[in-house]
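Asks: Okay, so the sequence shown: first residue is 48 according to the numbering used here, each after it adds one. Where a beta carbon is used, it is the ideal one built from N, C-alpha and C, also for glycine. One structure follows; several queries about it will come next.
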Amino acid sequence: MPPGEAETGAVGAPARAVAAARVARDAAADAHPSPAWSLALRLAILALLLAVAIVAAVRLGAVPLDTATLLDALAGRGDATIVTIVRELRLPRALQAALVGAALAASGATFQALLRNPLAEPYILGVSSGAAAGAVATVVTGWAARVVWALPVAAFAGAVLAMLLVLRIALGVGRMLDTRVLLLAGVVVSSFLVAAIWLALTFADAEATRSAIFWMMGSHAGASWGSVAILAACLGPALVVLLALARPLDLLAIGEPTAAYLGTSVERTKLLAYATATLLTAASVSVSGTIGFVGLVVPHVVRLLWGSDTRALLPSAALLGAVFLVGADTLARTLAGATELPIGVVTAFVGVPIFVWLLRRPGTA
Numbered sequence: 048m049p050p051g052e053a054e055t056g057a058v059g060a061p062a063r064a065v066a067a068a069r070v071a072r073d074a075a076a077d078a079h080p081s082p083a084w085s086l087a088l089r090l091a092i093l094a095l096l097l098a099v100a101i102v103a104a105v106r107l108g109a110v111p112l113d114t115a116t117l118l119d120a121l122a123g124r125g126d127a128t129i130v131t132i133v134r135e136l137r138l139p140r141a142l143q144a145a146l147v148g149a150a151l152a153a154s155g156a157t158f159q160a161l162l163r164n165p166l167a168e169p170y171i172l173g174v175s176s177g178a179a180a181g182a183v184a185t186v187v188t189g190w191a192a193r194v195v196w197a198l199p200v201a202a203f204a205g206a207v208l209a210m211l212l213v214l215r216i217a218l219g220v221g222r223m224l225d226t227r228v229l230l231l232a233g234v235v236v237s238s239f240l241v242a243a244i245w246l247a248l249t250f251a252d253a254e255a256t257r258s259a260i261f262w263m264m265g266s267h268a269g270a271s272w273g274s275v276a277i278l279a280a281c282l283g284p285a286l287v288v289l290l291a292l293a294r295p296l297d298l299l300a301i302g303e304p305t306a307a308y309l310g311t312s313v314e315r316t317k318l319l320a321y322a323t324a325t326l327l328t329a330a331s332v333s334v335s336g337t338i339g340f341v342g343l344v345v346p347h348v349v350r351l352l353w354g355s356d357t358r359a360l361l362p363s364a365a366l367l368g369a370v371f372l373v374g375a376d377t378l379a380r381t382l383a384g385a386t387e388l389p390i391g392v393v394t395a396f397v398g399v400p401i402f403v404w405l406l407r408r409p410g411t412a
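Have a look at this one:
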């Protein structure tokens, strides 16, 4: 190659890189068009739906309540039994379901963006298996029956340990956090922990096995004001962190080199998003067990309805996840009379047809 052409190529390479980055940036903006409704109006509508779902959850049950009785019970007036049912059982349960639904949906949206995998969900990196291992250990050893907070504390500790183990394996492969290695490490750790769970249950008595399996299928039966306060304290700061990472996550969806060129600290973004979403999932699983479907499909429903801009996706998915899980928990309590259904069964049976219908809508890509 003549010297002039070589120099021209050397000078042109950075220019082409800049042009490619600009094209990618423009493409990212085009991929996330403004929704037909403003974000504020959309969130207001979802918040109203959540309020309606919570009121319905508190009113419905083995003892149905009318509006006047409900208001009296909330104010502490009327029959003492009704007051206890409303203020100590149904209301904290509905609020816990809302917080868990919001946490799982926001975590699912984060993992799908982080891993660039539409099948990613909050439990894909071994968090649920770690929590289940901790919970099963307390059930089998009898600590869950003797100490009230033993099971959720052990479940949270197991989830955090699983997270740290997955992260250690992924970082041990290379200095940078490769999302593909992270995904594989999560699958391996999850498989090992599931095998350990079933080994423990093999030697457990029938009652312990039944309790452990029912917990793993998900339930809000043990909801209390303490668990609601802990979840709220976790969810608020976590959502703030994830919203601050919204633009970096959108840029990562284009590609890590382009995101780095546009000013994103790629490794810091990946680590912070992974840790925040995982801890949020761990807090949810520790009080409710493993509830499937919410974190996988709710973010996709929001994308199908309103687009994939992460800044709008996260709060919308959180509110829709809260609405969905409060409704599913109400159905789990009331459909079979005195028998409470596992909430994970209800979320799948109700959610799958809705999602299939959305996929089959005209105009859905």
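Can you give the Cα-Cα distance for Arg358 and Arg193, rounded to whole angstroms?
Replies: Their Cα atoms are separated by approximately 44 Å.
Asks: For Glu303, which three-state DSSP category applies?
Replies: Reduced to three states, the DSSP call for Glu303 is helix.
Asks: If contact is defined by three or more beta carbon pairs under 8 Å, each pair taking one atom from either stretch, is the region 181-196 in contact with the region 289-300?
Replies: The region 289-300, when compared against the region 181-196, does not touch it at the 8 Å Cβ threshold.
Asks: On the DSSP letters alone, give me the boundaries of the alpha helix (DSSP H) that Arg124 sits inside.
Replies: It is not in any alpha helix (DSSP H) - Arg124 carries neither H nor E in the DSSP assignment.
Asks: What would DSSP say about Phe396, mapped onto helix, strand or coil?
Replies: In the structure shown, Phe396 sits in a helix (DSSP, three-state: H, G or I).
Asks: Are Ala104 and Leu282 close, meaning C-beta to C-beta below 8 Å?
Replies: No, the Cβ-Cβ distance between Ala104 and Leu282 is not below 8 Å.
Asks: Measuring CB to CB, does Ala259 end up less than 8 Å from Ala182?
Replies: Result yes, Cβ atoms of Ala259 and Ala182 sit closer than 8 Å.
Asks: Please report the distance separating the alpha-carbon of Val200 from that of Ser333.
Replies: Spanning the two alpha carbons is a distance of roughly 7 Å.
Asks: If Leu367 sits next to Val393, beta carbons under 8 Å apart, how far is it from one beta carbon to the other, in whole angstroms?
Replies: Between Val393 and Leu367 the Cβ distance is about 16 Å, and since that is not below 8 Å, they are no contact.
Asks: Hey, out of Ala330, Trp404, Arg315 and Ile301, whose CA is closest to Ile347's CA?
Replies: For the record, residue 347 in the displayed sequence is His; it is not Ile. Closest option to His347, Cα to Cα, is Trp404.
Asks: Terminal residues of the continuous alpha helix (DSSP H) containing Gly25?
Replies: Since the first residue shown for the chain is 48 and the last is 412, residue 25 is missing from the structure and cannot be characterised.
Asks: When the distance is taken between beta carbons, is Phe203 closer than 8 Å to Ala329?
Replies: In contact: Ala329 and Phe203 (Cβ atoms closer than 8 Å).
Asks: Give the secondary structure of Ser167 by DSSP, where H, G and I count as helix, E and B as strand, and everything else as coil.
Replies: Before going further, note that residue 167 is Ala rather than Ser in the sequence given. Coil, per DSSP.
Asks: Residue range of the alpha helix (DSSP H) that Leu292 falls in?
Replies: Segment: none, Leu292 is in no alpha helix (DSSP H) and carries neither H nor E.
Asks: Would Thr381 and Leu107 qualify as a contact pair, given that the criterion is a beta-carbon distance under 8 Å?
Replies: Cβ distance < 8 Å, so Thr381 and Leu107 count as in contact.
Asks: With DSSP as the reference, label Ala365 as helix, strand or coil.
Replies: Ala365 falls in the helix class under three-state DSSP.
Asks: Is Glu168 closer than 8 Å to Gly177 when the C-beta atoms are compared?
Replies: For Gly177 and Glu168, no; Cβs fall outside 8 Å.
Asks: Can you grab the Cα-Cα spacing for the pair Ala307 / Pro362, in whole Å?
Replies: One C-alpha to the other measures close to 26 Å.
Asks: Just to confirm my understanding: we take Ala285, look at its own chain, exclude 5 residues before and 5 after, and list those with CB closer than 6 Å. What are they?
Replies: Counting only Cβ-Cβ distances below 6 Å, and skipping sequence neighbours, we find Thr323 and Leu327.
Asks: Just mark Leu166 as buried or exposed, buried being the case when its beta carbon has 16 or more other beta carbons within 10 Å.
Replies: Exposed, by the Cβ-count rule.
Asks: Tell me where the alpha helix (DSSP H) around Phe340 begins and ends.
Replies: Careful: Phe340 lies outside any alpha helix (DSSP H) and carries neither H nor E.
Asks: From this set, Thr128, Arg137, Ile216 and Gln143, which residue's C-alpha is nearest Val275's C-alpha?
Replies: That would be Gln143, whose Cα lies nearest to the Cα of Val275.
Asks: Could you check if Phe340 is buried or exposed, using at least 16 other CB atoms within 10 Å of its CB as the buried criterion?
Replies: So Phe340 counts as buried.
Asks: Going by alpha carbons, who is nearest to Val397 out of Ala141, Tyr321, Gly384 and Ala379?
Replies: Of Ala141, Tyr321, Gly384 and Ala379, the residue nearest in Cα terms is Ala379.
Asks: Which complete alpha helix (DSSP H) runs does the region 129-187 hold, if anything under 4 residues is left out?
Replies: Correct list: 138-162.
Asks: Does the beta-carbon distance from Ser335 to Pro139 come in below 8 Å?
Replies: Against a cut-off of 8 Å, the Cβ pair of Pro139 and Ser335 comes out as no contact.
Asks: So is Ser85 buried or exposed if we call it buried at 16+ other beta carbons inside 10 Å?
Replies: It is exposed - the Cβ of Ser85 has fewer than 16 other Cβ atoms within 10 Å.
Asks: Could you tell me the distance, in whole angstroms, from the CA atom of Val234 to the CA atom of Thr249?
Replies: Going by the C-alpha atoms only, they are around 23 Å apart.
Asks: Just the C-alpha distance for Arg134 and Gly123, rounded to the nearest angstrom, thanks.
Replies: Spanning the two alpha carbons is a distance of roughly 8 Å.
Asks: Just reading off the alpha helix (DSSP H) that Gly205 is part of, what are its end residues?
Replies: From DSSP, the alpha helix (DSSP H) with Gly205 extends over Ala197 to Val220.
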